[in-house]
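Working notes, beginning with the structure itself.
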Amino acid sequence: MESKYMIQKNKVVTRANQQSISSESDSLKINVFTSSSCTFCNDALTAAKKVAKKFHHFDFPIEVIETSVEEQPEIIEALNVVALPLIRIGGAQIIGLPTVEEIELMLHRNVVSGKD
């Protein structure tokens with residue numbers, strides 16, 4: 368069975384190209400910014416994937432995009448990253464290790480508000 372949620376690794380998301388990325392598909396995007404030295408980044412990525420998988424059951428496509436700040440250092444300044452992991456959905460963000468429920472709430476608020 369093919370999954371409807373998508374995971375892309377190390378995709379550049381900066382202010383300059385954020386608009387074009389947002390219009391690539393009809394799916395909502397959970398951007399997870401990581402680093403190899405980050406203790407909680409893998410757990411945050413796993414939580415984001417769990418949310419995407421859960422929403423897949425409701426025919427609501429969620430795209431999880433992992434971006435390594437080590438490979439894309441310009442993102443740190445462009446998005447004013449102060450700590451990792453950082454999860455962004457639209458204009459909202461969670462700094463640190465979120466629970467699945469916190470990501471779901473942020474996603475729900477993004478859908479209700481209609482913001483990309």
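Going from the sequence shown to the numbering used here is simple: count from 1 and add 367. The beta carbon of each residue, even a glycine, is placed where N, CA and C say it ideally should be. As the structure is a computational prediction, the values presented were derived from the model and not from experiment.
Beta-carbon spacing of residue i, residue j below 9 Å
i	j	result
residue 401	residue 433	yes
residue 429	residue 397	yes
residue 464	residue 415	no
residue 395	residue 456	yes
residue 462	residue 451	yes
residue 418	residue 467	yes
residue 421	residue 471	yes
Cross-strand partners of residue i (DSSP beta bridge)
i	result
residue 435	401
residue 456	459
First and last residue of the uninterrupted alpha helix (DSSP H) at residue i
i	result
residue 474	467-480
residue 450	Where residue 450 is concerned, there is no enclosing alpha helix (DSSP H), given that its DSSP letter is neither H nor E.
Coil, strand or helix - residue i by DSSP
i	result
residue 412	helix
residue 543	Outside the displayed span of the chain (368 to 483) sits residue 543, for which this structure offers no information.
Delimiting residues of the beta strand (DSSP E) encompassing residue i
i	result
residue 459	459-462
Residue burial classification, residue i (beta-carbon count within 10 angstroms, cutoff 16)
i	result
residue 447	exposed
residue 476	exposed
residue 435	buried
residue 425	exposed
residue 449	exposed
residue 479	exposed
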